[in-house]
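Novice: Taken in order, the sequence shown gives residues 1061 to 1358; the numbers are from my numbering. For each residue, glycine too, the CB sits at the ideal point set by N, CA and C. Please read all numbers here as calculations on a predicted model, not as lab measurements.
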Amino acid sequence: MDKIKKIEELKEKRNAIILAHNYQRPEVQDVADFVGDSLGLAIEASKTDADVIVFCGVDFMAQSAKIINPDKIVLFPEPGAKCPMAAMVDADSLLKLKKEKKMNIVAYVNTSAEVKAVSDICCTSANAVKVVESMPDGVIFVPDENLGKYVKRFVKKEILIWPGFCPTHQAISSEDVIEEKKKHPDAVVMAHPECIEEVIDMADKVASTEGMVRYARERNAREFIVATEQGLCYRLSKEMPDKKFYCISHAVCPTMKRITLDSIIRSLENMQPEIVIDEEIINKARKPLTRMIELGRD
Ligand code: 13P
Ligand code: SF4
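(1) Does valine 1202 come out as helix, strand or coil in the three-state DSSP assignment?
(2) Do you know how far the Cα of leucine 1070 is from the Cα of proline 1223?
(3) Between the Cα of alanine 1345 and those of Ile1127, Asn1082, Lys1158 and Val1199, spot the shortest distance and give me the residue it belongs to.
(4) Can methionine 1076 be considered in contact with the ligand 13P, in the sense that its beta carbon sits closer than 7 Å to one or more heavy atoms?
(5) Is alanine 1276 a contact residue of the ligand 13P, with contact defined as CB to any heavy atom under 7 Å?
(6) Are there three or more Cβ pairs, one per stretch, closer than 8 Å when the segment 1285-1293 is compared with the segment 1070-1090?
(7) With 16 as the cutoff for other CB atoms within 10 Å, does asparagine 1330 come out buried or exposed?
(8) Serine 1153 and isoleucine 1353 - do their beta-carbons sit closer together than 8 Å?
(9) Look at the alpha carbon of glycine 1198 and the alpha carbon of glutamate 1218, and state the distance between them as a whole number of angstroms.
(10) On the premise that alanine 1287 lies in contact with valine 1248, defined as a C-beta separation below 8 Å, what is that separation, rounded to the nearest angstrom?
(11) Residues around the ligand SF4, please: the ones whose beta-carbon is closer than 7 Å to some heavy atom of it, in chain order.
(12) Below 8 Å on the Cβ atoms is my contact criterion, and I expect serine 1234 with methionine 1262 to pass it. Report the Cβ-Cβ distance as a whole number of Å.
(13) Can you tell me whether leucine 1099 sits near the ligand 13P, meaning its C-beta is under 7 Å from at least one heavy atom of the ligand?
(14) Which of the three DSSP states is assigned to cysteine 1293 in this structure?
(15) Applying the criterion that 16 or more other CB atoms from any shown protein chain within 10 Å of the CB defines a buried residue, is glutamate 1257 buried or exposed?
(16) When you compare the CB positions of proline 1137 and serine 1327, do they come within less than 8 Å of one another, or not?
(17) Is it buried or exposed, glutamine 1332, if we count other Cβ atoms within 10 angstroms and call 16 or more buried?
(18) Would you call the segment 1158-1171 and the segment 1199-1207 in contact, with 3 or more CB pairs under 8 Å?
(19) Considering only heavy atoms of the ligand 13P, does any lie closer than 7 Å to the CB of alanine 1186?
(20) Run through DSSP, which three-state label would isoleucine 1103 get?
(21) Assign aspartate 1246 to one of two classes, buried (16 or more other C-beta atoms within 10 Å of its C-beta) or exposed (fewer than that).
(22) With a threshold of 7 Å, establish whether the CB of histidine 1310 neighbours any heavy atom of the ligand 13P.
(23) Starting from the C-beta of serine 1179, find all residues in its chain whose C-beta is less than 6 Å away, skip the five residues before and the five after it, and write them out in chain order.
(24) Which residues mark the beginning and the end of the beta strand (DSSP E) in which glutamate 1283 is found?
(25) Nearest by alpha-carbon distance to tyrosine 1306: which of Leu1321, Phe1094 and Leu1296 is it?
(26) Is serine 1268 near the ligand 13P - that is, is its Cβ less than 7 Å away from at least one heavy atom of it?
(27) Can you tell me whether phenylalanine 1214 is buried or exposed, with buried defined as 16 or more other CB within 10 angstroms of its CB?
(28) Return the residue from the list Lys1132, Ile1133, Val1118 and Ala1122 that minimises the CA-CA distance to methionine 1145.
(29) So cysteine 1143 and asparagine 1206 are supposed to be a Cβ contact under 8 Å. How far apart are they, rounded?
(30) For my contact list, isoleucine 1078 and isoleucine 1324 are in at a C-beta cut-off of 8 Å; report their separation, rounded to the angstrom.
Rendered as structure tokens:
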């Protein structure tokens, strides 16, 4: 049977929805009920009345869906799809720093459930400035150094930044953008805040993946250079076929590409692999995630 038809049948049988991140493979985005950025996916997970969520993204995103919905089954078709940045900070070291500095912790959602459980509030690239602004005093910001530095441009309070990074975004250089600009001089440059400072400085717009979709929709321009993981270009081109989007060809997140139609089918057939998180961690991690969702976008 056709794979798409099979997924549709299984979804109905299980009362399941498929949530997919903007970096997922085109065919995975096409079968999803909702495609978005980390914040959009967390909000969507908080609203669903499905019994089962099939999460197509990376580990921390699927864990967030489970933390928000402890009574639902969250299937994560490829458990090896782990975000390397999220692995750059651990709860014990963070707790030690928190005790030493006596500062609140802002955890980028790209963190483990254990790190969220010791944090005061979460943020995504769509609301990091707003979240840090909402805190009464200075904060410890984990784990993305580039996003932390970007927030510092707007918020005049003490921000201690953890030295983590996204290998995919770190590898996008200003030369990559200059190269694209030479080929497409009229193109508008959009960049994700996980990019290095030199790339951010060249951007006409810095935004989360969903922020870039919205900007491209609203901006009266025909060509865009997209400094983020190249999966976003599929979504952009699909929704705006009259506009041209130029990605940085080497900007690929290998873990984001692990999930396939076959692994989605397998997970819905076997109801495995399922996200399982210790109840105490879930209860502690829900508070900073909910605080973030209540704040909304920048
Ligand atoms: P967004 O929240 O902007 O979609 O980003 C998630 C991510 O992992 C970026 O690398
Ligand atoms: Fe993690 Fe970077 Fe991949 Fe996003 S693109 S999931 S931050 S490794």
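Specialist: Looking at the atomic coordinates:
(1) Residue numbering aside, residue 1202 sits at position 142 when the sequence shown is read from its first letter. DSSP places valine 1202 in strand when its eight states are reduced to three.
(2) Stepping through the sequence shown from its first residue, residue 1223 is reached at position 163. Stepping through the sequence shown from its first residue, residue 1070 is reached at position 10. Looking at the two C-alpha atoms, the distance is approximately 43 Å.
(3) Residue numbering aside, residue 1345 sits at position 285 when the sequence shown is read from its first letter. Of the listed residues, the one whose Cα sits closest to alanine 1345 is Ile1127.
(4) Along the sequence shown, one-based indexing puts residue 1076 at 16. Before going on, a small fix: residue 1076 reads as alanine here, not methionine. No, the ligand 13P has no heavy atom inside 7 Å of this Cβ.
(5) The residue labelled residue 1276 in the question sits at position 216 within the sequence shown. Not under cutoff, so the answer is no.
(6) yes
(7) Position 270 of the sequence shown holds residue 1330. Exposed: under 16 other Cβ atoms inside 10 Å.
(8) As a working note, residue 1353 is residue 293 in the sequence shown. As a working note, residue 1153 is residue 93 in the sequence shown. The answer is no: Cβ separation not under 8 Å.
(9) Mapped onto the sequence shown, residue 1198 falls at position 138. Mapped onto the sequence shown, residue 1218 falls at position 158. Taking the straight line joining both Cα atoms gives about 4 Å.
(10) By one-based count along the sequence shown, residue 1248 stands at place 188. By one-based count along the sequence shown, residue 1287 stands at place 227. Between alanine 1287 and valine 1248 the Cβ distance is about 11 Å, and since that is not below 8 Å, they are no contact.
(11) Tyr1083, Val1118, Cys1143, Pro1144, Met1145, Ala1146, Asn1170, Cys1226, Pro1227, Thr1228, His1229, Glu1254, Glu1289, Cys1313, Thr1315 and Met1316
(12) Here residue 1234 refers to the residue found at position 174 of the sequence shown. Here residue 1262 refers to the residue found at position 202 of the sequence shown. Contact flag correct, Cβ pair sits at about 6 Å.
(13) Against the sequence shown, residue 1099 aligns to sequence position 39. Checking every heavy atom of the ligand 13P against the Cβ of leucine 1099, one is found closer than 7 Å.
(14) Within the sequence shown, residue 1293 is the residue found at index 233, counting from 1. Three-state result, cysteine 1293: helix.
(15) The residue labelled residue 1257 in the question sits at position 197 within the sequence shown. Under this definition glutamate 1257 is an exposed residue.
(16) Indexing the sequence shown from 1 puts residue 1137 at position 77. Indexing the sequence shown from 1 puts residue 1327 at position 267. Their beta carbons are under 8 Å apart, which means proline 1137 touches serine 1327 by this criterion.
(17) For the purposes of this step, residue 1332 is taken as the residue at position 272 of the sequence shown. Glutamine 1332 is exposed by the Cβ-count criterion.
(18) yes
(19) In the sequence shown, counting from the first residue as 1, residue 1186 sits at position 126. Yes - the ligand 13P has a heavy atom lying nearer than 7 Å to the Cβ of alanine 1186.
(20) Here the question's residue 1103 lines up with position 43 in the sequence shown. In the structure shown, isoleucine 1103 sits in a helix (DSSP, three-state: H, G or I).
(21) On the sequence shown, position 186 is the one that residue 1246 refers to. When all chains shown are included, aspartate 1246 counts as exposed.
(22) Here residue 1310 corresponds to residue number 250 of the sequence shown, with the count starting at 1. False, no ligand heavy atom lies under 7 Å from that Cβ.
(23) Here residue 1179 refers to the residue found at position 119 of the sequence shown. Ile1165, Ala1167 and Pro1348.
(24) Here residue 1283 refers to the residue found at position 223 when the sequence shown is read from its first residue. That run of the beta strand (DSSP E) goes 1283-1287.
(25) Translated into the one-based positions of the sequence shown, residue 1306 becomes position 246. When only C-alpha atoms are compared, the closest one is Leu1296.
(26) Taking the first residue of the sequence shown as position 1, residue 1268 is located at position 208. Answer for serine 1268: yes, Cβ within range of the ligand 13P.
(27) Taking the first residue of the sequence shown as position 1, residue 1214 is located at position 154. Phenylalanine 1214 should be labelled exposed.
(28) Residue numbering aside, residue 1145 sits at position 85 when the sequence shown is read from its first letter. Among Lys1132, Ile1133, Val1118 and Ala1122, the Cα nearest to that of methionine 1145 is on Val1118.
(29) As a first step, residue 1143 must be located in the sequence shown, where it is residue number 83. As a first step, residue 1206 must be located in the sequence shown, where it is residue number 146. Incorrect: roughly 15 Å between the Cβ atoms, too far for contact.
(30) Stepping through the sequence shown from its first residue, residue 1078 is reached at position 18. Stepping through the sequence shown from its first residue, residue 1324 is reached at position 264. That belief holds up - the Cβ atoms of isoleucine 1078 and isoleucine 1324 are roughly 7 Å apart, short of 8 Å.
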